[in-house]
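The next block holds one structure in the form of structure tokens; read it before the comments.
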Amino acid sequence: MGTALLVSSMSAYGPAAADEKAEVMERIRKLAEDVRSFKAKMTVRTAMMGSTVTWRGEVMAKEPNMYKSVMNMNLGGVPGEQVTVSDGRTQWVYQSQMKMAIKLDLKRLEEAGVGESQKGKAGKDITKPFMGIDKESIKYLGKESLDGREVYVFEGKPRGSFRELKMGEGGISPPARVKVWVGAKDGLLYKEVFYNDKGTEMMSVEFEEVHVNVPIGDEEFSFTPPEGAQVVDMTEGTLNILKALKETEKEGD
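If you're matching positions, the sequence shown starts at 90 in the numbering used here and goes up one per residue.
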């Protein structure tokens with residue numbers, strides 16, 4: 090399926106008025122609030138060392154907080170699979186190329202008072218298209234047609250202290266801007282693109298073949314590390330990082 094965008098009513102005079110933005114965002118919220126589960130095809134493209142790495146796979150989610158994705162990629166000619174599973178209590182990320190299973194105790198993070206920072210990190214929730222975006226920075230850009238579907242288009246700044254972080258000295262800068270395409274008829278996220286401070290695309294996430302309120306058994310969200318896999322519990326390290334970020338945010342207030 091192509092992803093060419095056909096502009097239908099994008100304003101040529103800047104972002105729409107604030108009252109229109111609020112009205113559209115509220116409409117989106119109401120449309121998506123009745124979604125209890127979903128399945129979709131997901132494609133993630135990431136700019137890496139002068140080339141683009143593409144992940145393709147399937148994602149599913151179920152209320153209240155269950156999530157699963159199975160993504161396939163080919164890195165350096167070596168095929169691999171990454172499985173992310175969360176039952177709301179424990180999150181697992183298994184990387185077949187490394188034969189490593191990373192474990193995260195979500196309940197412990199919640200009890201430590203930083204669990205809110207980790208919510209939604211297992212995967213993108215298409216019913217919450219503005220998750221991870223600074224609400225005050227959001228601009229409504231108008232409507233477009235995405236793969237024949239009418240969508241609302243917004244842009245804003247990524248939320249959180251990670252905006253100030255860099256990957257190593259002189260390393261890759263974090264995203265400076267994010268743009269989202271949200272279905273006008275269902276309020277669901279269909280595309281998200283991250284840009285650096287120079288306006289260059291860093292990463293895109295697209296959803297296709299979206300099905301909502303489909304029956305999904307709880308067993309889909311359970312995970313047992315394959316025999317021989319190295320299990321790494323990242324709970325303590327993640328806890329320390331989130332606490333540090335929380336303190337940084339307080340200092341910046």
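Glycine is no exception: its CB is placed at the ideal position from the N, C-alpha and C atoms. None of the values given here were measured: they were computed from a predicted structure.
Original post:
Who are the near neighbours of W270 in its chain, counting only those whose CB is closer than 6 Å to its CB and skipping five residues on each side?
Top reply: For the purposes of this step, residue 270 is taken as the residue at position 181 of the sequence shown. Once the five neighbours on either side are set aside, the close Cβ partners of W270 are L235, V240, V242, Y279, K280.
Subject >> G288, buried or exposed, once every other Cβ within 10 Å from all chains shown has been counted against 16 >> reply: In the sequence shown, the residue the question calls residue 288 occupies position 199. Under this definition G288 is an exposed residue.
Original post:
What residue from R134, A121, F312 has the CA that sits closest to V182's CA?
Top reply: For the purposes of this step, residue 182 is identified with residue 93 of the sequence shown, where counting begins at 1. Comparing Cα-Cα distances from V182 to each of R134, A121, F312, the minimum goes to F312.
Original post:
Where E233 and E147 are concerned, what is the direct C-alpha to C-alpha distance, given to the nearest angstrom?
Top reply: One-based indexing of the sequence shown puts residue 233 at position 144. One-based indexing of the sequence shown puts residue 147 at position 58. Cα-Cα distance, rounded: 25 Å.
**OP:** Identify whether K274 lies in helix, strand or coil by the three-state DSSP scheme.
**Re:** Numbered from its first residue, the sequence shown carries residue 274 at position 185. It is coil, neither helix nor strand.
Subject >> K228 to R116 span [Cα, whole Å] >> reply: The residue you call residue 228 lines up with position 139 of the sequence shown. The residue you call residue 116 lines up with position 27 of the sequence shown. Rounded to the nearest angstrom, the two C-alpha atoms are 15 Å apart.
Original post:
G326 by DSSP, collapsed to three states: which one?
Top reply: Counted from its first residue, the sequence shown places residue 326 at position 237. Three-state DSSP puts G326 in a helix.
Original post:
Under a three-way DSSP split, which group does I222 fall into?
Top reply: Residue mapping note: residue 222 aligns to position 133 of the sequence shown, counting from 1. In this structure, I222 counts as strand in the three-state DSSP scheme.
Original post:
So what does DSSP say about F310, is it helix, strand or coil?
Top reply: Sequence index remark: in the sequence shown, residue 310 carries index 221 (1-based). The answer is helix: DSSP assigns F310 an H, G or I state.
Subject >> L254 in three-state terms, based on DSSP >> reply: Your numbering for residue 254 matches position 165 in the sequence shown. Confidence in L254 is poor, its pLDDT being 44 and thus under 50, which makes the residue's placement too unreliable to answer from.
Original post:
Comparing the C-beta of H300 with each C-beta of chain B, is any distance below 8 Å?
Top reply: No chain B appears in this structure, which consists of one protein chain only.
**OP:** Could you pull out every residue in the same chain whose Cβ sits closer than 6 Å to the Cβ of W144, ignoring the five residues on either side in sequence?
**Re:** For the purposes of this step, residue 144 is taken as the residue at position 55 of the sequence shown. Taken in chain order, the residues that qualify are V133, M160, M162.
**OP:** Using DSSP bridges, identify the partner residues of G146.
**Re:** Translated into positions along the sequence shown, residue 146 becomes position 57. DSSP output for G146 lists M131, M160 as bridge partner(s).
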